[in-house]
Amino acid sequence: FFFMSELNLKPLYSAETVAATVTRLATEINRDYQGVDLLLVGILKGSFLFIADLCRQIEVPVSIDFMRLASYGSETQSSGIIELRKDLEISIRGRHVLIVEDIIDSGLTLQSLLHRLRERQPASLKVCALIDKRARREVDIEADYVGLTMDDGFIVGYGLDYDERYRNLPGIYIAEFP
Ligand code: PRP
Ligand code: MN
Ligand code: MG
């Protein structure tokens, strides 16, 4: 059998810090979307916990759908080729759409996503990212709602994986490779 070696994990954001950040973001979203129907679009898989926690604090009428994008390349670096593996099931034409992402790193996933969704003529299209990692940005792109900002480093937990592991951790950790 092959056993994957354990990574060294250094705490970066505790579950409490994440929860407080999600609450702050929900407060901003509730304020900005007063009186409109909101469509949250979670980007699988990384955003599954974030959107689950965020949507439970949204107080405007809300629908939820998911997309799955994946970039080819190594587990720690995006190749820039973004493949659409699962599309939305709800039409976004004329809808107020808020993309929910766990992290913006190079920005290539988000760039591809915004390009695809703008063509479908939503009433509005904004982005909420739990984590903004600006150090490795390759395209000039920013989220409208940003939870936490960090410098370079590979992180796991709260939806974020390394080779599909560690998504279930309640907090967020810097992974140190042995
Ligand atoms: C990760 C993360 C973001 C994206 C950010 O997803 O969840 O979606 O990369 O990277 P970028 O800004 O450099 O494009 P990944 O493609 O690893 O898929 P996953 O969500 O299923 O882990
Ligand atoms: Mn992702
Ligand atoms: Mg990933």
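To convert, count from 1 in the sequence shown and add 10; that's full-length UniProt numbering.
All C-beta atoms, glycine included, are put in the ideal place defined by N, C-alpha and C.
Classify L59 as buried or exposed, calling it buried when 16 or more other Cβ atoms lie within 10 Å of its own Cβ. Classification of L59: buried, given that the 10 Å Cβ count is 16 or more.
Does the distance from the CB of I184 to the CB of F164 come in under 8 Å? yes
Run through DSSP, which three-state label would S81 get? strand
Backbone secondary structure at F58 - three-state DSSP: helix
Evaluate D162 with the Cβ neighbour count: other Cβ atoms within 10 Å of its Cβ, from every protein chain shown; 16 or more gives buried, anything less gives exposed. Answer is exposed; the Cβ neighbour count stays below 16.
Are three or more beta carbon pairs between the segment 108 to 119 and the segment 147 to 159 nearer than 8 Å? yes
What I want to know is whether the C-beta of D171 ends up closer than 7 Å to one or more non-hydrogen atoms of the ligand MG. yes
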